[in-house]
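Asker: Structure provided below as structure tokens; questions to follow.
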Amino acid sequence: MKDWCKQKGGSKVKFQKLNMPDSGVHLYESKHPKGHFISEHYHDHFQLLYALEGEGELYVDKKRYEFSKDQVVLIVPHSVHSIKAHSKLTVLVLAFSKILGQDIESLLMQAFRLQTSHFQLDLVRASEVRQLLRKMLFEQTDYDPLCKYSSPVYLFEFLLILVRLNKNKKIEHANDKRSNQMRNYIEANYFENITAESLSTTFNISPRYINDIFKEKYHETPLQYLQKVRIDRAKSLLTETEKDIVSICFEVGYETLSTFYRSFRNLVGMSPNKFRKMNRVKEL
């Protein structure tokens, strides 16, 4: 690896040139003792950094990333980056060049917009990645002539794991956003005649899917949450006003008194009358 400084962004930043093998893929280990700092530098190739053990932080184009065991960071060419170890940090660096062709670059563009990306691997994906890296290390050290064909294949498998992980993250983020929107909608419109079908129409999602994504975040269905919001409002009206119970029932969105009483008993453990009396005694 050759180092020299170039002018970049108004200041001198070290450029590190890596002599790539014929395969266009090179995997190597980078060790960092506690407190070790690698100053800002950049490359003309892609890098996948995989934290094998330890903790540290990465700065890529002035953006900070936590970096610890089973985390991966994709660094694109010419991104200025540095690394600091908070403990003994061992990193496997998978470098690959543009000579691999349009397929990989197209994949990176579609999935990550050719930007630096950060990933936390779960146990299953971490195991898959470790196995791929073991295979690559073995073939590199064994000087297998077929390595120039197998290494790009292993790299592509690694990238597919990250692409799928990124896709799942986007779905989870979208579902999280929808769940919040539904919750806010219920809190603002609890007195309306809200049903699974009306929520489905409002958010353009199937009733079953609405329950699934809401329950995933809040551990209850939207209609269960609706009952809680209505009963919480009813409790406030029972203790803070002299309104008749039938009026409170109507105000919080129930069509019948019997349904209101049943919901109140299920959630509070007593009737609205008893709740009002008990709370008035407490105030006295």
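Mapping the sequence shown onto the UniProt record's numbering, position 204 (from 1) lands on 204, and the numbers just tick up by one. Every residue, glycine too, gets a C-beta built ideally from N, C-alpha and C. Every value quoted in this text rests on a predicted model; they were computed, and no experiment measured them.
1. Compare the C-alpha of Q227 against each of E128, D244, R262 and S200 and name the closest.
2. Classify F138 as buried or exposed, calling it buried when 16 or more other Cβ atoms lie within 10 Å of its own Cβ.
3. Quick check on the DSSP output: the alpha helix (DSSP H) that includes Y209 runs from which residue to which?
4. Among Y59, Q224 and L155, which one has its Cα closest to the Cα of I194?
5. So, are the CB atoms of S82 and Y59 less than 8 Å apart?
6. Leaving out five residues on either side along the sequence, give the residues of the same chain with a beta carbon under 7 Å from the beta carbon of F136.
7. Where does the unbroken beta strand (DSSP E) through S39 begin, and where does it stop?
8. Below 8 Å, can you find three or more Cβ-Cβ pairs linking the region 40-59 to the region 177-194?
9. For L18, does the three-state DSSP call read helix, strand or coil?
10. Looking only at C-alpha atoms, which of V246, A95 and K84 sits nearest to S37?
11. Does the distance from the CB of H78 to the CB of Y42 come in under 8 Å?
12. Output yes or no for whether 8 Å exceeds the beta carbon distance between R265 and S258.
13. Determine the contact status of F119 and V163, defining contact as a CB-CB distance below 8 Å.
14. Since F67 sits in a beta bridge, which residues does DSSP pair it with?
15. Using the Cα positions of R230 and E197, report the straight-line distance between them to the nearest angstrom.
16. Please classify R134: is it buried, with 16 or more other beta-carbons within 10 angstroms of its beta-carbon, or exposed?
Answerer: Judging by the given coordinates:
1. R262
2. exposed
3. P207 to Y218
4. Q224
5. yes
6. What sits at residue 136 in the sequence shown is Met, not Phe. Correct list, in chain order: L27, S151 and Y154.
7. F37 to Y42
8. no
9. coil
10. The amino acid at residue 37 is misidentified as Ser; the sequence shows Phe. Comparing Cα positions, the closest option is K84.
11. yes
12. no
13. no
14. G56
15. 19 Å
16. exposed
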